[in-house]
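J.: Protein chains in written order, with this note's numbering: chain A, 1 to 462; chain B, 1 to 462; chain C, 1 to 462; chain D, 1 to 462.
Ideal placement from N, C-alpha and C gives every residue a C-beta, glycine not left out.
There are 4 protein chains.
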Amino acid sequence: VNKNGTTLSESATPPPGGLFDGVLARGEVRGILADAGWLQAMLDAEAALCRAQVDAGLFPAAYADAIAAECRAERFDPAVIGADAVSSGNPVIPLVRALTANVRRAHGERPAGWVHHGATSQDISDTAAMLLSRRALLVIAAELTACAERCAALARQHQHTVLAGRTLLQQALPTTFGLKAAGWGHALDEVAGEVRRVAAGLPAQLGGAAGTLASLGDHGLSVLAAYAARLGLPEPLLPWHSHRLPVLRTAGVCGLAGAVAGKVAGDVVLLAQTEVGEVHDGAPARGGSSTLPHKQNPVAAVGVLAATGQIPGLLASLHAAAGHEHERAAGSWQAEWAPLQALLVATGSAASWLRDCLDTLEVDVDRMRTNLELTHGLLLAERIATHLTPSLGRLAAHDLVEAAARTAIATGRDLFDVVVADRQIGALLDAATLRRLLDPAGYLGSAPRLVERALQHHEENR
Amino acid sequence: VNKNGTTLSESATPPPGGLFDGVLARGEVRGILADAGWLQAMLDAEAALCRAQVDAGLFPAAYADAIAAECRAERFDPAVIGADAVSSGNPVIPLVRALTANVRRAHGERPAGWVHHGATSQDISDTAAMLLSRRALLVIAAELTACAERCAALARQHQHTVLAGRTLLQQALPTTFGLKAAGWGHALDEVAGEVRRVAAGLPAQLGGAAGTLASLGDHGLSVLAAYAARLGLPEPLLPWHSHRLPVLRTAGVCGLAGAVAGKVAGDVVLLAQTEVGEVHDGAPARGGSSTLPHKQNPVAAVGVLAATGQIPGLLASLHAAAGHEHERAAGSWQAEWAPLQALLVATGSAASWLRDCLDTLEVDVDRMRTNLELTHGLLLAERIATHLTPSLGRLAAHDLVEAAARTAIATGRDLFDVVVADRQIGALLDAATLRRLLDPAGYLGSAPRLVERALQHHEENR
Amino acid sequence: VNKNGTTLSESATPPPGGLFDGVLARGEVRGILADAGWLQAMLDAEAALCRAQVDAGLFPAAYADAIAAECRAERFDPAVIGADAVSSGNPVIPLVRALTANVRRAHGERPAGWVHHGATSQDISDTAAMLLSRRALLVIAAELTACAERCAALARQHQHTVLAGRTLLQQALPTTFGLKAAGWGHALDEVAGEVRRVAAGLPAQLGGAAGTLASLGDHGLSVLAAYAARLGLPEPLLPWHSHRLPVLRTAGVCGLAGAVAGKVAGDVVLLAQTEVGEVHDGAPARGGSSTLPHKQNPVAAVGVLAATGQIPGLLASLHAAAGHEHERAAGSWQAEWAPLQALLVATGSAASWLRDCLDTLEVDVDRMRTNLELTHGLLLAERIATHLTPSLGRLAAHDLVEAAARTAIATGRDLFDVVVADRQIGALLDAATLRRLLDPAGYLGSAPRLVERALQHHEENR
Amino acid sequence: VNKNGTTLSESATPPPGGLFDGVLARGEVRGILADAGWLQAMLDAEAALCRAQVDAGLFPAAYADAIAAECRAERFDPAVIGADAVSSGNPVIPLVRALTANVRRAHGERPAGWVHHGATSQDISDTAAMLLSRRALLVIAAELTACAERCAALARQHQHTVLAGRTLLQQALPTTFGLKAAGWGHALDEVAGEVRRVAAGLPAQLGGAAGTLASLGDHGLSVLAAYAARLGLPEPLLPWHSHRLPVLRTAGVCGLAGAVAGKVAGDVVLLAQTEVGEVHDGAPARGGSSTLPHKQNPVAAVGVLAATGQIPGLLASLHAAAGHEHERAAGSWQAEWAPLQALLVATGSAASWLRDCLDTLEVDVDRMRTNLELTHGLLLAERIATHLTPSLGRLAAHDLVEAAARTAIATGRDLFDVVVADRQIGALLDAATLRRLLDPAGYLGSAPRLVERALQHHEENR
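1. Per DSSP, what are the beta-bridge partners of T176/D in this structure?
2. Taking G348/A as the reference, give the member of M42/A, A431/A, R249/A and L138/A with the closest Cα.
3. Can you pull the chain B residues whose beta carbon is under 9 Å from the beta carbon of V299/A, in chain order?
4. Any idea if H160/A is buried or exposed, counting beta-carbon neighbours within 10 angstroms, 16 or more meaning buried?
5. Please tell me whether L256/D and E194/D are closer than 8 Å, where the distance is taken between their beta carbons.
6. Could you round the C-beta distance between H116/A and R394/C to whole angstroms and report it? I think they count as a contact, below 8 Å.
7. Rounded to whole angstroms, what is the Cα-Cα separation between N102/B and E70/B?
8. Please check the pair P440/A and L379/A, which I expect to be a contact at CB under 8 Å, by giving their CB distance rounded to whole angstroms.
9. Could you please tell me which residues of the segment 245-278 of chain D, in chain order, have their CB closer than 8 Å to any CB of chain A?
10. I'd like the ranges of any alpha helix (DSSP H) spanning at least 4 consecutive residues and lying wholly in the segment 355-396 of chain B.
11. Which stretch, first to last residue, makes up the alpha helix (DSSP H) that contains V279/B?
12. So A272/D packs on P298/D, CB below 8 Å; how close in whole Å?
13. T433/A by DSSP, collapsed to three states: which one?
14. I'd like the span of the alpha helix (DSSP H) that includes E452/C, first residue to last.
15. Spatial neighbours of T360/D within its chain, please: C-beta separation below 7 Å, excluding the five flanking residues on both sides.
16. By Cβ distance, which residues of its chain are closer than 8 Å to L33/C, with the 5 residues on each side in sequence left out?
17. Which partner residues does R328/C have in the DSSP bridge list?
18. Answer with yes or no whether the minimum CB distance from V1/B to chain A is below 8 Å.
19. Determine the direct distance from the alpha carbon of A408/C to that of Q456/B, and round the result to whole angstroms.
20. Does DSSP put V115/A in a helix, a strand or coil?
21. Residues in its own chain within less than 6 Å of T485/B by CB, not counting five upstream and five downstream?
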């Protein structure tokens with residue numbers, strides 16, 4: 001039961017998903033944004049509007065009670081409302097008409113006469129969008145935080161697990177899986193925080209037909225304040241019918257969430273390649289192929305990418321639709337509805353799949369070690385160059401070791417052998433030192449300390 | 001009944017629409033792309049695959065009959081299939097499993113053993129996508145052609161209706177409403193043609209797990225040819241699992257259709273402004289507001305823009321997802337599903353709303369004439385300058401008339417009065433000639449002939 | 001002179017613009033992001049790196065002095081560096097090579113040996129990008145704030161200037177130009193604040209080849225801290241080579257700025273239409289046409305839209321490029337360079353044109369009043385309905401007045417006459433009351449108070 | 001020397017590139033679209049316009065000779081023209097003013113008076129855009145065709161080179177490098193053809209201020225025809241100032257080209273991974289790192305991706321700008337300039353890098369063979385299942401082999417050993433047959449024949 005005396009449909013069973021929803025709309029967000037959720041949120045806005053007018057002394061509380069009693073989504077058929085919307089261009093108009101009829105039937109003319117008073121369709125629809133966006137963003141933030149927790153655990157566990165750092169998809173230097181996981185986790189934490197901040201700031205909408213609250217006479221501002229308070233949404237300084245910052249901020253954090261989720265999933269897919277094999281999707285009975293009996297596809301990570309691949313375009317759609325004309329727009333407002341929902345669903349799906357991906361991720365420490373040896377020492381080339389820098393200068397050392405590395409690659413020999421045999425380098429470096437320099441675990445730089453400080457920051461900002 | 005002996009669900013009643021579908025998913029495309037349509041198209045592909053293998057002599061026709069008999073969408077629950085898709089990452093795998101079980105139950109092990117033989121999930125899903133895209137594109141093309149017909153009628157009717165040509169939203173020169181409508185119509189015709197060409201070229205997909213048709217042994221190419229023929233789709237030269245040109249071409253013509261529809265609707269919305277008033281949405285009982293009793297909103301044109309505003313972003317999503325890795329992608333393929341459907345639905349909705357918009361468009365010829373007089377002759381300033389060009393040179397004439405125009409604006413006088421009083425121009429131009437020059441209907445250049453040739457081209461290319 | 005002892009090129013004369021830069025790259029941002037700016041920012045990063053290593057005790061200050069002395073952009077040819085970048089894929093590698101040669105030539109081997117020590121190309125390039133982005137964002141924020149100031153002045157001046165509020169480009173209700181300007185100004189203030197917050201948070205980048213700072217041994221974290229401090233940039237918790245939140249946040253606020261600027265400019269273009277004429281671009285000698293002597297195009301507002309039209313796509317490009325693989329990306333990093341620059345330039349151009357647009361905006365109060373009368377009273381239809389609501393209920397009142405409005409439109413009569421003659425309404429409403437209700441200035445609702453609170457908020461948050 | 005008697009600047013030395021152009025603007029397109037190219041193309045349009053009016057008998061040929069003689073880009077300073085464009089919003093107006101002055105100075109008032117007669121700025125700018133786009137597209141098509149040739153050579157050479165087919169980045173089945181290269185080549189051929197078709201259809205633009213050719217009186221259509229003929233561009237049926245199909249078609253084929261180039265480059269980057277190593281960037285002295293002496297980065301493929309990553313967003317920008325208002329747009333036209341150029345440059349750069357990438361590509365056939373053995377037989381699991389299908393049915397066979405595969409993975413044993421030991425499968429399959437089934441070269445399906453038909457198609461369509 002919410003402040004309006006109506007029951008929010010938050011816990012309602014979501015409608016059955018469609019053919020593609022299992023893959024593309026994982027998690028709770030689809031249910032939040034289902035038609036029943038929209039209807040209830042619109043009705044919550046109508047109920048709050050009535051109560052706010054009672055608060056402002058416009059009519060007796062009994063009228064608002066009567067109206068609020070009818071503000072229940074299950075009493076309206078979204079297919080009928082949706083079809084009736086054709087003649088007006090938005091679903092609020094037929095909803096208000098149906099709601100008024102219901103109130104009249106059950107409670108008489110008097111309360112029916114005050115339904116929707118003071119509001120324009122967009123007030124109701126925008127407020128509903130904010131209620132649902134907030135709910136969806138909080139679900140997304142919770143998923144991202146759960147992902148970050150899992151990354152923190154991986155970072156702690158693998159603080160000293162050495163693997164090849166890769167740049168331009170080439171092995172470059174040793175790093176630790178702990179640092180990789182800490183990088184994922186820190187980005188996830190950051191974005192989760194931004195998602196929550198945006199969710200908390202999403203405002204109510206109430207301006208009447210042209211943003212002046214004209215039909216509320218002198219009561220406009222007090223009704224606005226009470227309306228927002230009743231809904232638990234921040235009160236806007238001004239109506240924002242044609243200034244879409246709340247929508248764009250919602251889109252913006254979805255964009256950030258998608259970017260981070262996609263980065264992590266991309267790394268997982270690459271690490272899970274047959275030829276790399278450093279992580280696996282560990283979920284039992286998942287990842288099979290319709291035709292290949294041996295496949296162990298990284299399904300969860302692919303699920304993330306299936307969602308995040310849609311996000312930049314949807315973000316662009318919402319930005320392209322931001323130029324709302326004058327007091328309320330001719331098309332741009334309606335052009336927001338589908339992309340905003342698709343964006344929230346995709347972001348929620350990405351976050352949910354990522355959580356699954358990280359929860360079931362199996363790390364193959366042995367394979368990481370084996371892969372470090374693939375280049376027969378080349379991975380430590382920089383270290384040798386760095387060791388020679390005090391004697392030769394950075395660039396000369398770099399060029400000398402580069403030449404040795406190219407020889408090693410061309411001849412298939414170990415870097416150790418080539419370097420030992422090199423007159424110039426050999427003069428500066430004995431075999432024992434070289435052997436020590438070629439140990440990957442000895443060339444991790446600040447990786448362990450970076451992990452430490454990332455974990456500490458994570459703990460402190462929970 | 002199609003070639004596979006199965007009944008295509010083309011004429012099935014589309015499922016009830018959702019809360020936003022009346023506005024955002026007008027027309028037939030939503031129904032075509034509903035889950036039942038997808039299921040049937042996937043099953044049509046499975047049926048065609050079996051029959052193609054019979055054609056190639058792989059197994060008896062009775063097996064294919066048995067399988068095809070089960071390939072009926074209404075025997076599968078999309079919600080169940082969709083939910084089962086979570087463990088494999090696409091809905092074809094659980095569909096094949098369910099189909100195999102049904103065939104086994106009804107017809108025994110033998111035919112059941114050949115279900116989906118030779119194919120990979122993506123073969124079925126891509127083929128279904130092409131079947132449905134073709135169907136949707138043909139609907140879109142028909143709507144666009146109907147719009148073009150209506151524009152041709154408007155162009156014919158208004159070949160000599162003068163209105164202000166507007167550039168940078170300023171009145172610039174007289175033009176005719178016929179030319180405006182001919183411009184709309186020609187663009188619509190062009191795009192309708194391109195939509196049809198792309199639809200006709202959408203190929204079947206069959207490559208097996210890695211595009212080699214390996215499990216079909218020596219029969220790969222003959223099965224591929226028979227499969228495509230059975231489906232009535234062009235046979236691809238090579239499997240295109242990770243080369244997405246057919247998807248991008250579909251997206252591309254949707255982009256063109258959206259661009260043209262949006263252009264026309266944008267013009268209508270601008271012409272319908274209260275202060276312009278040259279066209280109206282003439283549909284009875286439409287365009288009301290929830291709170292403003294007098295509003296006559298251009299609902300249909302707004303419906304077009306609600307759809308077209310989504311298209312550029314969706315187009316970008318499909319292009320961003322085009323880099324499919326190796327033989328089949330890890331995420332990019334799944335990332336296509338939602339944008340492709342959203343794009344087709346939005347384009348279909350735009351085309352359908354546009355047809356409605358044009359069908360009900362009322363043209364206010366009087367208002368066009370009145371608006372021509374708003375600038376007290378400035379609209380013909382270029383004509384005066386052109387008239388003076390032989391005497392003064394183009395630039396000098398331009399600058400002189402520009403000065404007169406600025407005087408007219410600053411002082412609120414008619415351009416006639418200012419020009420007549422101007423010593424330099426007055427010497428070159430008598431009042432009667434000036435009066436003649438200031439008649440908008442006399443300064444239409446090639447407008448009527450351009451309309452004629454556009455109409456002739458339209459007729460010849462029907 | 002900055003902390004590194006090098007002179008920043010901030011005040012350098014920007015290079016001459018190209019053919020399209022006058023229109024598309026107005027303001028200071030183009031100059032900030034010119035090649036000279038990039039070179040100097042990269043060299044500032046190299047200088048800061050050396051000094052940071054001195055701070056950490058790695059080598060004598062004299063070496064850093066020697067290196068920093070060579071870190072001057074004018075000593076390098078961007079065309080040569082750019083061409084040499086072909087073989088390595090980024091311009092930092094040839095720049096480091098050229099810088100090292102210069103240091104060696106002027107100061108000998110010793111300091112030359114420490115150039116770029118500890119860093120990877122991306123450390124330098126990302127740091128330079130952050131330095132330049134911060135500078136560009138601060139310019140943009142200043143322009144937006146100047147725009148907001150101008151809007152505040154307009155809002156104050158026109159707090160009681162009545163004009164038609166327009167929804168779906170139809171006149172809807174009276175509002176005030178003050179409220180319109182306050183809405184613009186508040187959105188501009190909000191975004192300017194967000195731009196500044198993002199600018200202040202853009203971090204330095206230093207991680208070495210794989211983000212472990214390996215070649216700095218035990219000194220990694222102290223060098224990182226000193227490096228960031230030297231540059232005046234926040235120190236990142238972790239290297240962010242493949243976590244692109246700083247780039248995406250920069251893009252995000254550009255997106256918001258573009259959205260708001262585009263909204264305001266869109267309103268101006270619409271208000272400046274010949275048929276509306278409520279504002280004009282007041283800049284003398286601007287807005288002419290190459291062929292139309294009388295044109296007064298709203299050039300500045302069009303300049304805004306020319307820029308903002310590019311922004312959503314560029315934002316999408318940066319988000320699509322966010323999936324950087326592993327420790328450093330194969331392509332996505334390089335794919336950021338052009339869109340990031342284009343985005344900052346476009347946003348800067350939009351902000352600069354908008355400032356010009358608002359500075360020269362002329363408001364035609366008389367035309368606003370005239371336009372209010374275009375609908376012969378229909379604009380107050382809601383007010384009559386609201387007045388009748390206590391007697392009839394909201395919906396019945398709405399429907400009754402809607403019918404009257406339709407009659408007025410169909411017959412071309414004033415709403416006053418129709419309503420007075422209406423039996424049902426006439427019974428509830430005398431002519432004097434009706435006359436009063438039809439005064440637009442009496443139906444402004446909370447508009448003046450909304451302006452007041454917006455101005456107060458603006459003052460308090462300067 | 002072109003038809004106008006002016007020298008086209010096609011062969012002029014392109015201006016020096018900037019800091020990022022070596023990486024981001026490779027190839028000829030940058031030079032084509034440089035300011036000098038734009039100026040010359042605009043001047044070519046002005047010259048053609050004069051000659052066309054001579055053709056139509058409007059004025060003596062000597063005037064056109066005089067004007068055309070001044071139509072040389074090197075006589076104008078793009079920086080000055082660009083700066084002057086601020087007051088009018090486009091560079092054509094100051095260019096026409098400067099050209100007129102030059103003609104007057106050199107040839108007197110008479111010819112000067114006819115400069116730009118009949119045209120509007122957008123006629124000149126759009127025509128120039130089409131001239132340059134055509135030139136750029138033909139360069140791009142040539143590069144793509146060269147890439148396709150190289151792919152055909154690779155396909156021929158490697159028709160029987162076996163490597164692992166990979167789906168979802170997991171080894172799936174054997175395929176041939178020939179088929180992979182044939183797939184690349186066929187897509188490149190297809191797109192090259194579409195690029196050429198679009199290039200050939202790009203029309204001239206001439207409509208005068210409002211698209212009516214009004215200032216040309218009765219000569220409008222004949223001037224239009226002569227103008228297009230003089231420029232060698234198709235004549236449009238109608239002026240297309242606000243119908244942007246030619247721009248969108250240009251964008252569309254750039255999108256397709258980018259998609260294909262990005263796909264190929266993506267495959268190369270993945271194949272070049274240290275852990276895969278099946279191809280290498282074979283360019284000597286390329287791919288070094290600023291800090292890692294051993295790196296052999298796939299620079300050319302990364303160069304492709306740096307370009308293609310920008311394309312979807314730019315495509316969206318052009319589509320979002322397609323809604324040009326009325327006869328000529330307020331902002332959308334100007335919003336095209338930067339994205340169109342950026343798109344052509346990026347596409348040209350992608351095509352040029354790809355050619356380089358393919359030209360220097362080294363294929364490591366041994367590593368391909370080695371990688372096939374990584375899964376100890378799992379790659380042939382489907383084949384075993386297919387072999388068992390006649391006995392067991394497809395699904396039962398699939399499930400049985402899947403179980404064996406999972407055992408092999410879990411225990412680290414060869415699939416051969418597990419299968420031989422499996423009671424159910426062992427009964428149906430002797431060791432010799434199994435050994436034969438596990439030979440990758442024996443399970444290539446139609447791969448060689450697909451290569452053959454692709455090569456034949458390539459030959460026939462050269």
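T.: So, from the listed chains and residues:
1. For the purposes of this step, residue 176/D is taken as residue 176 along the fourth sequence, with counting starting at 1. T176/D pairs with V162/D.
2. Reading the first sequence from its first residue, position 348 is the one you call residue 348/A. Closest by alpha carbon: L138/A.
3. Residue 299/A sits at position 299 when you count from the first residue of the first sequence. V86, S87, S88 and G89, listed in chain order.
4. Numbered from 1 along the first sequence, position 160 holds the residue referred to as residue 160/A. H160/A is exposed by the Cβ-count criterion.
5. Position 256 of the fourth sequence, counted from the first residue, corresponds to residue 256/D. Position 194 of the fourth sequence, counted from the first residue, corresponds to residue 194/D. Closer than 8 Å, so yes.
6. In the first sequence, the residue the question calls residue 116/A occupies position 116. In the third sequence, the residue the question calls residue 394/C occupies position 394. Yes, they are in contact, since the Cβ atoms of H116/A and R394/C sit about 6 Å apart, within 8 Å.
7. Here residue 102/B refers to the residue found at position 102 of the second sequence. Here residue 70/B refers to the residue found at position 70 of the second sequence. Rounded to the nearest angstrom, the two C-alpha atoms are 7 Å apart.
8. Indexing the first sequence from 1 puts residue 440/A at position 440. Indexing the first sequence from 1 puts residue 379/A at position 379. P440/A to L379/A, Cβ: 6 Å. Contact.
9. Under the 8 Å Cβ criterion, the segment 245-278 of chain D contributes V269, L270, A272, Q273, T274, E275 and V276.
10. 365-372 and 381-392
11. The sequence position of residue 279/B within the second sequence is 279, counting from 1. Where V279/B is concerned, there is no enclosing alpha helix (DSSP H), although the beta strand (DSSP E) it sits in stretches over V279 to D281.
12. Start at 1 with the first residue of the fourth sequence, and residue 272/D comes out as number 272. Start at 1 with the first residue of the fourth sequence, and residue 298/D comes out as number 298. So it is a contact: roughly 4 Å between Cβ atoms.
13. One-based indexing of the first sequence puts residue 433/A at position 433. Looking at T433/A - three-state DSSP - the assignment turns out to be helix.
14. One-based indexing of the third sequence puts residue 452/C at position 452. That run of the alpha helix (DSSP H) goes A447 to E460.
15. Looking up residue 360/D in the fourth sequence gives position 360. The residues are D281, G282, A283 and A300.
16. Reading the third sequence from its first residue, position 33 is the one you call residue 33/C. Closer than 8 Å at the Cβ level, and outside the excluded window around L33/C, lie L132, A136, Q341, L344 and V345.
17. Here the question's residue 328/C lines up with position 328 in the third sequence. Beta-bridge pairing links R328/C to T167/A.
18. For the purposes of this step, residue 1/B is taken as residue 1 along the second sequence, with counting starting at 1. Residue placement at V1/B cannot be trusted, given a pLDDT of 43 that sits under 50; what the coordinates show is reported in the next sentence. It does not: the Cβ of V1/B has no partner Cβ on chain A nearer than 8 Å.
19. The residue given as residue 456/B occupies position 456 in the second sequence. The residue given as residue 408/C occupies position 408 in the third sequence. For Q456/B and A408/C, the distance between alpha carbons rounds to 42 Å.
20. Taking the first sequence and counting its residues from 1, one reaches residue 115/A at position 115. It is coil, neither helix nor strand.
21. Since the first residue of chain B shown is 1 and the last is 462, residue 485/B is not available in this structure.
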